[in-house]
Amino acid sequence: MKKNAIKTAALGWAGLWFFFPFFTATAQENALPPIKMKSDSYSKNKALTDVMRFDNMDYYTTKFTGAALKGTEYYMVAKEIWDGKVKKTDTIFSSATNSYIGKIENDSLNLTVIAKKSSDKSLKIKFLFDRFEIQKEYKSMRSDDYSLRDFGTHFPIVSGKPFYAFAYILPYEDKEGNKYWCAVESSGKDIETWGKEFGIQHYILFEMRFGN
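Just so you know, the sequence shown maps onto residues -27 to -1, 1 to 185 in mature numbering (1 follows the signal peptide of the UniProt record, and there is no 0).
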């Protein structure tokens, strides 16, 4: 009885050691590095850049990179925040419900974003991907101070978790009338509380997610 027990235990440990390398390898494969978002604002063409600045137009060439992108679905949602509260949420696109968009085929994704005031009380923004493009318009304040910020470049992006890629914001204005955009963006405050923290009456957040 003792010999059989020892033999059975030995086989059990052997099986465990056989399984352990497989488990470790699988865990390493699943632990993919974070996705990175990199953006360049404006154009390399100085004349074109000057025209865009004159017309108060924001322009970003953006690239997402990471092994976790390949084969995943993705979406984008707009959240309109008025007086510190999310008043409207709108799905701009979802590859899960649009077969033409489909899943990401490679470990990178290119995106160009162009935004500007289209009238006194409206904003226009266009998202241009490699295979499709989408244009949206939103109500706005009667102000020319809106600025599009590539918020998603500030931190690693984790597959399966939503993140704010862009924020179309008005500046913080101090008592002397000075206006600050970067102070808001780099404040470390919860992005959805900017309206209350800085007295910003209106801004739009563009949320994305890669993977389920």
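Glycine included, each C-beta is placed from N, C-alpha and C at the ideal position.
- When DSSP reads this structure, isoleucine 142 sits in a beta bridge with Ser120 and Tyr176.
- Nearest to leucine 96 by alpha-carbon distance, out of Arg182, Leu21, Thr85 and Ser113, is Ser113.
- With a cutoff of 9 Å on beta-carbon distance, aspartate 13 and tyrosine 33 are scored as near each other.
- In the three-state DSSP reduction, methionine 114 falls in the coil class, being neither helix nor strand.
- Sorting Tyr111, Asp163 and Ala140 by C-alpha distance to the C-alpha of lysine 61 places Tyr111 at the top.
- Inclusion of serine 132 and phenylalanine 183 in the CB contact set at 9 Å is warranted, their separation being smaller than that value.
- Threonine 22 and serine 16 have their C-alpha atoms roughly 6 Å apart.
- Here isoleucine 164 carries a helix assignment [DSSP, helix/strand/coil].
- Taking tyrosine 153 as the centre and dropping the five residues before and after it, the same chain places the C-beta of Pro144, Tyr145, Glu146 and Asp147 closer than 8 Å to its C-beta, in chain order.
- Between the beta-carbon of valine 86 and that of leucine 121 there is about 7 Å, and that keeps the pair under the 8 Å contact cut.
- Taking 9 Å as the cut-off, the beta carbon of tyrosine 119 is found no closer than this to the beta carbon of phenylalanine 179.
- Between glutamate 165 and valine 59 the beta-carbon gap is near 7 Å, inside 8 Å, which marks them as a contact.
- Here valine 24 is exposed: its Cβ has fewer than 16 other Cβ atoms, across all protein chains shown, within 10 Å.
- Straight-line measurement puts the Cα of isoleucine 177 at about 14 Å from the Cα of glycine 125.
- Aspartate 13 carries a strand assignment under DSSP once its states are collapsed to helix, strand and coil.
- Secondary structure note for alanine 88: its beta strand (DSSP E) is the uninterrupted segment 81 to 92.
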